[in-house]
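**Student:** Numbering follows my numbering, with no gaps: position 52 of the sequence shown is 52.
The beta-carbon is built from N, C-alpha and C at its ideal position, and this holds for glycine as well.
Here's a structure for you.
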Amino acid sequence: MPRPTAAQLAYGSSTVIFSTLAMLLLSQTSSGLGIAVIALAALALGLLVSMTVPLPKSRAAASAGTHADAAAPVSPELVETAHGVQTVAAVEAVEERVPTAG
Numbered sequence: 001m002p003r004p005t006a007a008q009l010a011y012g013s014s015t016v017i018f019s020t021l022a023m024l025l026l027s028q029t030s031s032g033l034g035i036a037v038i039a040l041a042a043l044a045l046g047l048l049v050s051m052t053v054p055l056p057k058s059r060a061a062a063s064a065g066t067h068a069d070a071a072a073p074v075s076p077e078l079v080e081t082a083h084g085v086q087t088v089a090a091v092e093a094v095e096e097r098v099p100t101a102g
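Pasting the structure below:
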C-alpha cells in the first residue's frame with residue numbers, strides 16, 4: 001500500500017477538523033454517544049476525502065509517454081505540431097537523432 005501524499009494528509013485532516021466542528025455546532029449535542037457518532041462520521045468523511053485526492057503521475061509514466069510519442073509514425077506530407085506545421089524532412093532529421101526501440 002503506497003504512503004499517503006502531503007495533499008491527502010492535509011485534505012483529510014482539515015476535513016475531519018472542520019466537519020467535526022460544523023456537526024457539533026449544528027447538532028448542539030452534549031451526550032457522549034452523540035459526540036462519538038459525530039466523531040466517527042467526521043473520520044469516515046475525512047478518509048473518503050483523502051482517498052479521492054488524485055495521485056500525482058510518477059516520473060516513469062510521464063517519461064514513457066514522451067518516448068512513445070517520439071516513435072509515432074510520420075504522415076506522408078506534413079506534420080502538425082503545437083507551434084504550427086513542419087515539413088517531413090525536418091521531422092525525419094529529428095527522428096534520425098532519436099534512438100528507436102527494437
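Within the same chain, show all residues whose beta-carbon is closer than 7 Å to that of VAL53, passing over the 5 residues directly before and after it, in chain order.
**Tutor:** Numbered from 1 along the sequence shown, position 53 holds the residue referred to as residue 53. Closer than 7 Å at Cβ, skipping near neighbours: ALA7, GLN8, TYR11.
**Student:** Relative to the C-alpha of ARG3, which residue among LEU45, GLN28, MET51 is closest?
**Tutor:** As a first step, residue 3 is located in the sequence shown; it is residue number 3 there, counting from the start. The shortest C-alpha separation from ARG3 is found at MET51.
**Student:** Can you give the Cα-Cα distance for MET1 and LEU55, rounded to whole angstroms?
**Tutor:** Stepping through the sequence shown from its first residue, residue 1 is reached at position 1. Stepping through the sequence shown from its first residue, residue 55 is reached at position 55. In a straight line, the C-alpha of MET1 is about 13 Å away from that of LEU55.
**Student:** Looking at the secondary structure, which residues open and close the alpha helix (DSSP H) in which VAL16 lies?
**Tutor:** Taking the first residue of the sequence shown as 1, we reach residue 16 at position 16. Its alpha helix (DSSP H) spans residues 6 to 27.
**Student:** Measure the Cβ-Cβ separation of SER27 and ILE38 and say whether it is below 8 Å.
**Tutor:** For the purposes of this step, residue 27 is taken as residue 27 along the sequence shown, with counting starting at 1. For the purposes of this step, residue 38 is taken as residue 38 along the sequence shown, with counting starting at 1. Yes; because the gap between Cβ atoms is below 8 Å, this pair is in contact.
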